[in-house]
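Asker: Got a structure for you, questions after.
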Amino acid sequence: MGRATEIVDRVGSLVGEDVTGRLTVTGPADVLPSLYRVTTLAATTTAAAAVGAGRLLSARTGEGSPPVAVDTRHAAAAFGSERHLRVDGRPTPSAWEPISGYYRTGDDRWIQLHCNFSHHRDGVLDLLGVPNDREAVARVIRRIDAVALETELQAMGLCATMARTEREWSDHPQAEALAGQPVLAVERLDDSPPQPLTPTETPAAGVRVLDLTRVIAGPVAGRTLAAYGADVLRVGAAHLPEVHTLLVDTGFGKRNTFLNLRVGADARRLRELIASADVLVQAYRPRALDRLGFGPAAVAQLRPGIVYATISAYGHTGPWSGLRGFDSLVQTASGMTLAAAAGRDTPDPLPLPVQALDHGTGYLAAYGILDALARRAREGGSWHVRVSLARTGRLLTDLGHHDTRAAPPPDPADLEPYRDTYVSEFGELSYIRPPATVAGVAPRWTRPPARLGTSAPTWSIRP
Numbered sequence: 091m092g093r094a095t096e097i098v099d100r101v102g103s104l105v106g107e108d109v110t111g112r113l114t115v116t117g118p119a120d121v122l123p124s125l126y127r128v129t130t131l132a133a134t135t136t137a138a139a140a141v142g143a144g145r146l147l148s149a150r151t152g153e154g155s156p157p158v159a160v161d162t163r164h165a166a167a168a169f170g171s172e173r174h175l176r177v178d179g180r181p182t183p184s185a186w187e188p189i190s191g192y193y194r195t196g197d198d199r200w201i202q203l204h205c206n207f208s209h210h211r212d213g214v215l216d217l218l219g220v221p222n223d224r225e226a227v228a229r230v231i232r233r234i235d236a237v238a239l240e241t242e243l244q245a246m247g248l249c250a251t252m253a254r255t256e257r258e259w260s261d262h263p264q265a266e267a268l269a270g271q272p273v274l275a276v277e278r279l280d281d282s283p284p285q286p287l288t289p290t291e292t293p294a295a296g297v298r299v300l301d302l303t304r305v306i307a308g309p310v311a312g313r314t315l316a317a318y319g320a321d322v323l324r325v326g327a328a329h330l331p332e333v334h335t336l337l338v339d340t341g342f343g344k345r346n347t348f349l350n351l352r353v354g355a356d357a358r359r360l361r362e363l364i365a366s367a368d369v370l371v372q373a374y375r376p377r378a379l380d381r382l383g384f385g386p387a388a389v390a391q392l393r394p395g396i397v398y399a400t401i402s403a404y405g406h407t408g409p410w411s412g413l414r415g416f417d418s419l420v421q422t423a424s425g426m427t428l429a430a431a432a433g434r435d436t437p438d439p440l441p442l443p444v445q446a447l448d449h450g451t452g453y454l455a456a457y458g459i460l461d462a463l464a465r466r467a468r469e470g471g472s473w474h475v476r477v478s479l480a481r482t483g484r485l486l487t488d489l490g491h492h493d494t495r496a497a498p499p500p501d502p503a504d505l506e507p508y509r510d511t512y513v514s515e516f517g518e519l520s521y522i523r524p525p526a527t528v529a530g531v532a533p534r535w536t537r538p539p540a541r542l543g544t545s546a547p548t549w550s551i552r553p
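Quick look at the structure:
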């Protein structure tokens with residue numbers, strides 16, 4: 091079976107229909123060097139999002155399913171979008187805090203710290219009793235066993251994980267819980283009546299999206315919806331930490347407002363926005379929004395017909411379901427980094443060439459949302475879409491090993507066909523355009539990224 095055919099079949103499995111004959115896949119089988127089929131994951135998930143956009147377009151126009159196309163080179167470039175972003179011709183600063191990364195432990199294993207938010211960094215330093223110095227951190231960790239340190243850090247709500255082998259992860263209770271979860275769940279919440287959208291040439295035109303997410307996975311989902319025409323209002327808060335580079339890269343097509351949900355007036359304003367929204371995407375720590383009255387059931391009561399999307403690190407069931415997590419931590423926990431390190435001159439864990447779990451999960455969430463909007467138009471209902479980084483990781487590892495680690499990464503010149511520029515308040519941005527086409531039309535962003543809190547908490551005027 092050729093790789094293009096394999097991708098078409100995998101997309102069909104994800105979206106629950108045969109897309110042979112209307113999904114075209116072009117480009118080489120392998121673009122990103124890895125032990126895993128990262129290029130296949132990129133093409134599969136970006137194509138799935140395009141299929142979802144086609145379904146919504148079909149629901150709006152009453153016409154048949156439109157053709158969809160994806161190029162593996164463009165999909166791979168999009169999976170590394172934050173690395174390829176240029177501001178006034180220059181690369182953006184690294185998002186990594188100096189003490190983030192891998193450390194040898196007292197039992198000669200590895201543990202990874204993720205400290206890119208200052209409160210996570212400060213919590214780790216307080217626990218270890220050291221200054222913000224990588225060598226000092228390494229000396230203390232070298233005296234502690236990996237499991238004990240992982241347990242203590244996770245109990246404190248900090249972001250760390252021991253590096254496991256693939257076999258160790260498969261035997262872990264959280265991996266067993268994930269085995270019973272679908273890659274993507276789209277579940278009906280109520281029996282509210284159908285809500286058709288007016289016919290348009292743009293799949294998500296006029297769809298109102300509240301994006302309550304940070305970092306990569308959730309913001310990629312919102313950015314993708316914006317590329318297909320949605321009015322996306324990104325909701326943050328002044329007290330929440332942000333990663334500037336990621337804020338810019340994932341901010342295309344969005345307006346940006348502040349609401350502190352622990353302040354009564356701001357919570358009321360969010361409820362008012364929800365009442366006229368179509369979609370809410372959230373990636374808070376599991377059940378955090380439920381405690382504030384913004385869980386899926388409560389939001390569906392506020393706005394019957396809402397599509398509510400939840401993005402988590404480790405899934406919604408299992409002993410780790412309540413943990414904070416990030417792409418690189420899930421890679422480390424699930425055995426990817428140790429497997430990829432095997433056979434190399436250095437024993438250090440080797441992450442994937444891009445944040446593939448983040449991006450893949452973002453595109454899967456976008457597919458689920460677009461599909462749920464199409465279902466809402468035809469059969470009614472409020473819907474809950476659920477995805478997780480760890481379940482997307484299992485989707486990748488289930489593809490098996492395919493060793494292209496020795497291949498060179500894409501050359502900067504290889505990215506030029508997929509670049510565009512936008513003048514913004516951050517400077518001139520050179521960025522990777524959104525991948526795939528629907529009915530021969532490429533998705534696009536109609537506004538550059540905005541600075542934090544620069545928009546009022548209101549919707550744009552519907553077209």
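End of the sequence shown = 553 in the working numbering, gap-free, step of one.
We put the CB at the ideal spot given by N, CA and C, even for glycine.
For the putative contact between R537 and E515, defined by C-beta atoms under 8 Å, what is the C-beta separation to the nearest angstrom?
Answerer: Rounded, the Cβ-Cβ distance is 11 Å, inconsistent with contact.
Asker: Give the C-beta separation of P385 and L379 to the nearest angstrom, bearing in mind that I take them to be a contact with Cβ-Cβ under 8 Å.
Answerer: The amino acid occupying residue 385 in the given sequence is Gly; Pro does not appear at that position. With a Cβ gap of about 6 Å, G385 and L379 count as contacting.
Asker: Which runs of the alpha helix (DSSP H) spanning at least 4 residues fall entirely within the stretch 469-529, listed in chain order?
Answerer: DSSP runs (the alpha helix (DSSP H)) wholly in the stretch 469-529: 479-487 and 502-505.
Asker: With 16 other CB atoms within 10 Å as the buried threshold, where does R229 fall?
Answerer: R229 is exposed by the Cβ-count criterion.
Asker: Whole angstroms is fine: what's the gap from G408's alpha carbon to G179's?
Answerer: Answer to the nearest angstrom: the Cα atoms are 45 Å apart.
Asker: Considering only C-alpha positions, which residue in the set A390, T482 and D510 is nearest to A275?
Answerer: Among A390, T482 and D510, the Cα nearest to that of A275 is on T482.
Asker: Quick one: using the 10 Å Cβ neighbour count with 16 as the cut-off for buried, is E107 buried or exposed?
Answerer: Exposed.
Asker: Over the uninterrupted beta strand (DSSP E) stretch that includes A275, give me the two end residues.
Answerer: A275 to R278 is the span of the beta strand (DSSP E), which, as asked, contains A275.
Asker: Which two residues bound the contiguous beta strand (DSSP E) that contains I401?
Answerer: Residues V397 to S402.
Asker: Excluding the 5 residues flanking D339 on each side, which residues of the same chain have their C-beta closer than 6 Å to its C-beta?
Answerer: Closer than 6 Å at Cβ, skipping near neighbours: S171, E172 and L175.
Asker: If you follow the alpha helix (DSSP H) that D417 is part of, which residue opens it and which one closes it?
Answerer: Here the alpha helix (DSSP H) through D417 covers D417 to A423.
Asker: Take R254 and list the residues in its own chain whose beta-carbon comes closer than 8 Å to its own, dropping the five residues that flank it on each side.
Answerer: Result list for R254: H262, T422, A423, S424, G425 and L428, in chain order.
Asker: How many Å lie between L486 and V121 at the Cα?
Answerer: Cα-Cα distance, rounded: 15 Å.
Asker: Do R313 and G490 have their CB atoms nearer than 9 Å?
Answerer: No. Outside cutoff.
Asker: Please state whether DSSP places I234 in a helix, a strand or coil.
Answerer: It is coil, neither helix nor strand.
Asker: Identify every residue that forms a DSSP beta bridge with R180.
Answerer: Looking at the DSSP assignment, R180 forms a beta bridge with V177.
Asker: Can we say the stretch 442-451 touches the stretch 129-137, given the rule of at least three CB pairs closer than 8 Å?
Answerer: Contact between the stretch 442-451 and the stretch 129-137 is present, because at least three Cβ pairs lie under 8 Å.
Asker: Could you tell me which of A480, R523, S545 and P502 sits nearest to P181, measuring between CA atoms?
Answerer: Among A480, R523, S545 and P502, the Cα nearest to that of P181 belongs to P502.
Asker: Are at least three pairs of beta-carbons, each pair with one atom in the stretch 307-327 and one in the stretch 272-287, less than 8 Å apart?
Answerer: Touching, no.
Asker: With a threshold of 6 Å on Cβ separation, who are the neighbours of A165 within its own chain once the five nearest residues in sequence on each side are excluded?
Answerer: Closer than 6 Å at Cβ, skipping near neighbours: A132, A133, T136 and P525.
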